Amino acid sequence: MTLLSTRGLTKQYAGLTAVNNVDFSLPQGQIRAIIGPNGAGKSTFVGMLSGKIISTSGTVTFNGKDVTELPAHKRIGLGMAYTFQITSIFSNLSVHENVALAARRVNQKTDSISVNQRVADALDRVNLSDRHEQIAGDLSYGHQRLLEIAMGLAQSPSLFILDEPTQGLSAEEIESFITLMKSLAGDTTILLIEHNMDVVMATADLITVLNFGEVLAEGTPQEIRANDDVQAAYLGIANA
């Protein structure tokens, strides 16, 4: 079953085409990575998927519903969760309170016992249980990224969009992130925008490569690694 799809999705800025006529399909339960060089249109494309950016033309369909015109908060209510490339936490609140707010965002009627359990489960999955009382703004940047992931997990999303989630993480934290992604495989559909090719190759079922706002290639990690066009446009630079 296709959970998310786009047809002819396009974004233009004053004559500049950032994303051009992209057709994209994401099956339920898949971990999909989107890669490409800087300026390839990745963030713009994902912004249109999540409702942060309004498309110039084309459609976005989520779980059988046309969501092209829906704002981001409406898409969250339908089961999307999105972590930003720049952390978006409530810095004056505790770690626990940040995740609890995210858990309640989906269902305002959720009782406190259920919320507390979801918070505990989410913090445990990102190894932040021992920091639940700490003020979020006092966390290191890497731990703030993990907190944001926990906030997404607490919403029990059907689609989890992660934009550069390993940026600022230590090598050990990256290994834990890879383990987390593998543990979510099949249960949660994941769209991963990531520059760390080791993470992409270790976690993704399928990879979509964007270049100059268009789909350059799509395939398994092995197929993408062996693709000459991808090597020329991106992987040669990424591995340099």
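Going by our numbering, the first residue of the sequence shown is number 1232, and it counts up by one from there. Quick reminder that beta carbons are idealized off the backbone N, C-alpha and C, glycines included. All of these numbers come straight from a predicted model, not from anything done at the bench.
Residues V1326, H1374, L1377, L1378 and A1381 of the same chain have their beta carbon placed closer than 8 Å to that of L1359, with the five preceding and five following residues left out of the count. Contact check for R1349 and A1367: beta-carbon distance about 17 Å, past the 8 Å limit, so the pair fails to qualify.
Taking the Cα of N1252 as reference, the smallest distance to any Cα among F1443, T1451 and V1461 is reached at F1443.
Residue range T1233 to Y1244 is occupied by the beta strand (DSSP E) that includes Q1243. About 5 Å separates the beta carbon of G1417 from that of G1260, a gap short enough to meet the 8 Å contact definition. Residue pairing by DSSP puts P1258 in a beta bridge opposite T1233.
The Cβ-Cβ distance between I1424 and V1298 does not fall below 8 Å.
L1422: member of the beta strand (DSSP E) spanning T1420 to I1424, first to last residue. In the same chain as D1254, and ignoring 5 residues on each side of it, the C-beta atoms closer than 6 Å to its own belong to R1238, in chain order.
Fully contained in the stretch 1410-1456 are the following beta strand (DSSP E) runs of length 3 or more, in chain order: 1420-1424, 1437-1442 and 1445-1450. In this structure, the beta-carbon distance from G1270 to V1440 does not fall below 8 Å.
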